[in-house]
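Read the structure below first, then the notes.
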Amino acid sequence: MILNTGRVRDHWHTMTRTGKSQRLSAHLAEPYAEINPVDGLRLGIRDADLVRVKSSCGEIVVRALLSKRQSENAIFVPMHWSGQFASIARVATLVPPIVDPHSGQPALKNVQVHLSRFDAAWYGFAVLRSRPENIAATYWALARCAGGWRVELGGQERSEDWTGFARALLGASKDDTLLAYHDEKTGQHRYAAFDQKGLIGAFYIARNPVAVSRSWAVRQLAADMSAPAERYRILAGRSGADLPDPGAIVCACYSVGTNQITATLASGECQSVKDIGKALKAGTNCGSCRAEINAIINTNRVEAGE
Ligand code: FES
1 MILNTGRVRD HWHTMTRTGK SQRLSAHLAE PYAEINPVDG LRLGIRDADL
51 VRVKSSCGEI VVRALLSKRQ SENAIFVPMH WSGQFASIAR VATLVPPIVD
101 PHSGQPALKN VQVHLSRFDA AWYGFAVLRS RPENIAATYW ALARCAGGWR
151 VELGGQERSE DWTGFARALL GASKDDTLLA YHDEKTGQHR YAAFDQKGLI
201 GAFYIARNPV AVSRSWAVRQ LAADMSAPAE RYRILAGRSG ADLPDPGAIV
251 CACYSVGTNQ ITATLASGEC QSVKDIGKAL KAGTNCGSCR AEINAIINTN
301 RVEAGE
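So, in structure tokens, the structure goes:
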């Protein structure tokens with residue numbers, strides 16, 4: 001397969017500045033490989049799996065994003081994630097050190113690679129008040145978020161001591177309160193650590209990619225946790241019916257998520273990017289999210305027509 005490397009909308013170079021912004025990090029919070037769904041089917045790769053991309057020079061592990069934007073046999077991986085923000089995602093390590101004799105440019109848009117599913121025994125997701133010191137997982141990707149950090153994790157060996165793992169990751173001492181939920185049958189473990197100030201962090205472990213709303217989990221870092229019900233809600237991993245989930249952030253300027261856009265379209269009052277801008281303000285500042293809003297509108301039209 002042919003690898004193309006490049007930039008994403010909200011980051012610049014190796015994120016030395018943009019990686020400090022929780023708003024910019026909310027849009028795409030981890031490194032990924034965009035793959036055509038036909039290739040995904042052929043290689044047994046599903047959306048949100050972890051994948052290994054290997055060249056003659058090295059290999060990386062990133063999240064799979066199935067998309068028809070890529071043609072078959074082509075992969076796109078962004079260039080921004082260094083060792084500062086992810087364990088094993090430096091796409092430049094895949095590019096052979098052979099340069100054009102005139103420009104000195106390496107073949108950043110045309111690298112022969114092999115793609116396979118990373119055989120993860122577990123997946124994890126955590127939100128934390130403080131940046132974790134050491135993360136004992138093969139795959140991890142860190143991003144700033146409102147009130148702290150969010151981390152995606154994955155590994156090939158399940159821990160014998162998830163409680164110890166959770167305490168170390170969350171930075172919870174013996175004096176802090178640690179709530180836990182375990183379901184050995186499905187391989188799910190959930191932890192939430194609290195001190196007097198509120199939530200120190202929450203950690204979700206599953207055999208498949210963790211199905212917890214990221215934007216909801218991030219908001220809990222700043223939420224009032226004085227009521228026990230709020231603390232147990234963290235373990236449930238979802239907002240109550242009274243608190244709608246905005247979904248993955250599309251418009252970083254106004255923190256508008258996919259679910260909000262989809263719900264507004266479903267109301268029948270909005271049919272264009274301009275309408276969405278009027279209703280939610282999304283797309284009305286820098287405008288860089290307008291293409292993505294348009295893609296959501298088009299997907300919605302196709303689904304409504306089917
Ligand atoms: S990201 Fe700037 S207007 Fe949406």
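As numbered in our numbering, residues 1 to 306 make up the sequence shown, in order.
By construction, the Cβ of each residue, glycine as well, lies at the ideal position given by its N, Cα and C atoms.
Ser-272 beta carbon near the ligand FES (any heavy atom closer than 7 Å): Answer for Ser-272: no, Cβ out of range of the ligand FES.
Simplified DSSP assignment, three categories, for Asn-285: Here Asn-285 sits in coil by DSSP.
Same chain, Cβ closer than 6 Å to Lys-197, five either side skipped, listed in chain order: Sequence-distant partners of Lys-197 (beyond 5 residues in either direction) whose C-beta falls short of 6 Å from its own C-beta are missing from its chain.
Beta-carbon proximity check, Val-61 vs Thr-138, cutoff 8 Å: Taking the C-beta atoms as reference points, Thr-138 is found nearer than 8 Å to Val-61.
Sequence-distant residues of its chain with Cβ nearer than 8 Å to Met-1 (five each side left out): Answer for Met-1: Asp-39, Asn-73, Ala-74, Ile-75, Gln-112, Val-113, His-114, Leu-115, listed in chain order.
Beta-carbon proximity list for Glu-230, same chain, < 6 Å, skipping 5 on both sides: Cβ within range, chain order: n/a, list empty.
Rounded distance between the beta-carbons of Ala-120 and Gly-83, thought under 8 Å: Contact doesn't hold; Cβ gap of about 20 Å is too wide.
Stretch pair the stretch 282 to 294 + the stretch 248 to 255: three plus CB contacts closer than 8 Å: With a cut-off of 8 Å, the stretch 248 to 255 and the stretch 282 to 294 count as touching, because enough Cβ pairs lie within range.
Nearest neighbour of Glu-152, chosen from Ala-48, Pro-101, Gly-58 [CA to CA]: The shortest Cα separation from Glu-152 among Ala-48, Pro-101, Gly-58 belongs to Ala-48.
Backbone CA spacing between Cys-289 and Val-210 [nearest angstrom]: Taking the straight line from one Cα to the other gives about 26 Å.
Reduced DSSP category for Gly-154 - H, G, I as helix; E, B as strand; rest coil: When secondary structure is reduced to three states using DSSP, Gly-154 falls in the strand class.
Reduced DSSP secondary structure (H/G/I, E/B, other) of Ala-92: Of the three classes helix, strand and coil, the one that applies to Ala-92 here is helix, per DSSP.
Extent of the continuous alpha helix (DSSP H) to which Pro-228 belongs: Residues 228 to 236.
Trp-149 (DSSP reduced to helix, strand or coil): Three-state DSSP puts Trp-149 in a strand.
Three-state secondary structure assigned by DSSP to Lys-278: The answer is helix: DSSP assigns Lys-278 an H, G or I state.
Where Ile-54 sits in the DSSP three-state scheme: In the sequence under discussion, the amino acid at residue 54 is Lys, which differs from the Ile named in the question. It is a strand residue.
Contact under 8 Å by Cβ, Ala-202 with Ala-217: Yes. Within cutoff.
Cβ-heavy atom distance, Ala-146 to the ligand FES, below 7 Å: No, the Cβ of Ala-146 stays beyond 7 Å of every heavy atom of the ligand FES.
Minimum C-alpha distance to Ile-200 - residue among Leu-179, Val-212, Ser-267: Looking at the Cα atoms, Leu-179 is the closest of the given residues.
Own chain partners of Gly-44 with C-beta closer than 6 Å, once the 5 adjacent residues on each side are dropped: The beta carbon of Gly-44 lies closer than 6 Å to those of Arg-117 in the same chain, with the five residues before and after it left out.
Those runs of the beta strand (DSSP E) which lie wholly inside the stretch 1 to 49 and span at least 3 residues: You should have 2 to 6, 32 to 35.
Cβ-based neighbour list, Pro-97, same chain, cut-off 8 Å, excluding 5 preceding and 5 following: Take Pro-97, set aside five residues on each side of it, and the residues of its chain with a beta-carbon closer than 8 Å to its own are Cys-57, Pro-106, in chain order.
Any non-hydrogen atom of the ligand FES within 7 Å of Ala-282 CB: Answer for Ala-282: yes, Cβ within range of the ligand FES.
Where the beta strand (DSSP E) containing Ile-200 begins and where it ends: Taken as a continuous stretch (DSSP letters only), the beta strand (DSSP E) holding Ile-200 covers 198 to 206.
Backbone CA spacing between Ala-136 and Ala-206 [nearest angstrom]: Taking the straight line joining both Cα atoms gives about 16 Å.
Own chain residues within Cβ distance below 8 Å of Glu-269, not counting five before or after: Residues Asp-275, Ala-279 of the same chain have their beta carbon placed closer than 8 Å to that of Glu-269, with the five preceding and five following residues left out of the count.
Near the ligand FES: Ala-29 beta-carbon under 7 Å from a heavy atom: The answer is no for Ala-29.
Distance, Arg-23 Cα to Arg-144 Cα: Looking at the two C-alpha atoms, the distance is approximately 8 Å.
Test item: CB-CB of Gly-187 and Trp-122 under 8 Å: Yes, the pair counts as a contact, with Cβ atoms nearer than the cut-off.
Cys-251 - partner residues in DSSP beta bridges: Val-256, per the DSSP bridge assignment.
For Val-210, the residue or residues it bridges with in DSSP: Paired residue(s): none; Val-210 is not in a bridge.
Contact test: Asn-348 Cβ vs the ligand FES heavy atom, cutoff 7 Å: The structure shown does not extend to residue 348, since the chain is modelled only from 1 to 306, so the question has no answer here.
Which listed residue (Ala-64, His-11, Ile-297) has its alpha carbon closest to that of Ala-26: Comparing Cα positions, the closest option is His-11.
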